[in-house]
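In our numbering, the protein residues as written are 899 to 1026.
In what follows, a single structure is set out as structure tokens and then discussed.
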């Protein structure tokens, strides 16, 4: 990397939730944030159960296509995609239109924030 010694390079992938440094002959992880470890199995299960109920509610009350794979645990975070991670452009367009008309994401964001606050979970929520 332009003459910079590897021992002076630190890598922070995954939005900074992992930290790698050079040790001997390769980069080694020295920190790896883990949501499940941070909030505990009981609160994680509670969160998943709530999100499953929200997913069902969205499905029952909105005429939207669903493509499956609604949840993806990534170690440092849980990704929830109510339309499904495999949604194509047409499905995503339907979702955007319905969300703009009905404020689906805003409503469920407030529900999740309330749930997190009530359990004093040390997590943050963001809309992507």
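Ideal Cβ placement from N, Cα and C applies to all residues, glycine included.
Computed from a prediction, not measured in an experiment: that's the story for all the values here.
**Message:** Can you look up residue 907 in the DSSP assignment and give me helix, strand or coil?
**Reply:** Coil, per DSSP.
**Asked** Is residue 976 helix, strand or coil by DSSP?
**Response** Residue state for residue 976 is assigned as strand, using DSSP reduced to three classes.
**Request:** With residue 919 as the anchor, note down where its beta strand (DSSP E) starts and where it stops.
**Result:** Unbroken beta strand (DSSP E) run through residue 919: 916-921.
**Message:** One question on the structure: do residue 1002 and residue 990 come within less than 9 Å of each other, judged by their Cβ atoms?
**Reply:** No, Cβ-Cβ distance for residue 1002 and residue 990 is not below 9 Å.
**Prompt:** Taking contact to mean at least 3 C-beta pairs separated by less than 8 Å, is the segment 968-976 in contact with the segment 924-935?
**Reply:** Taking a contact to require three or more Cβ pairs closer than 8 Å, the segment 968-976 and the segment 924-935 qualify as touching.
**Message:** Below 8 Å on the Cβ atoms is my contact criterion, and I expect residue 962 with residue 993 to pass it. Report the Cβ-Cβ distance as a whole number of Å.
**Reply:** For residue 962 against residue 993, the beta-carbon gap comes to about 6 Å, under 8 Å, which counts as contact.
**Request:** Closer than 6 Å by C-beta to residue 908: which residues in its own chain qualify, once you throw out the five before and the five after it? Chain order, please.
**Result:** Excluding residues within five positions, the ones whose Cβ falls inside 6 Å are 919.
**Message:** Checking the sheet assignment: what are the DSSP bridge partners for residue 952?
**Reply:** Answer is none; residue 952 lacks a bridge partner.
**Item:** Residue from 951, 1023, 964 and 1005 with nearest C-alpha to residue 977
**Value:** With distances taken between CA atoms, residue 977 lies nearest to 1023 out of 951, 1023, 964 and 1005.
**Message:** From the DSSP secondary-structure annotation, give me the bridge partner or partners of residue 930.
**Reply:** DSSP output for residue 930 lists 916 as bridge partner(s).
**Item:** The alpha helix (DSSP H) enclosing residue 1009, as first and last residue numbers
**Value:** Per DSSP, the continuous alpha helix (DSSP H) segment holding residue 1009 begins and ends at 1002-1017.
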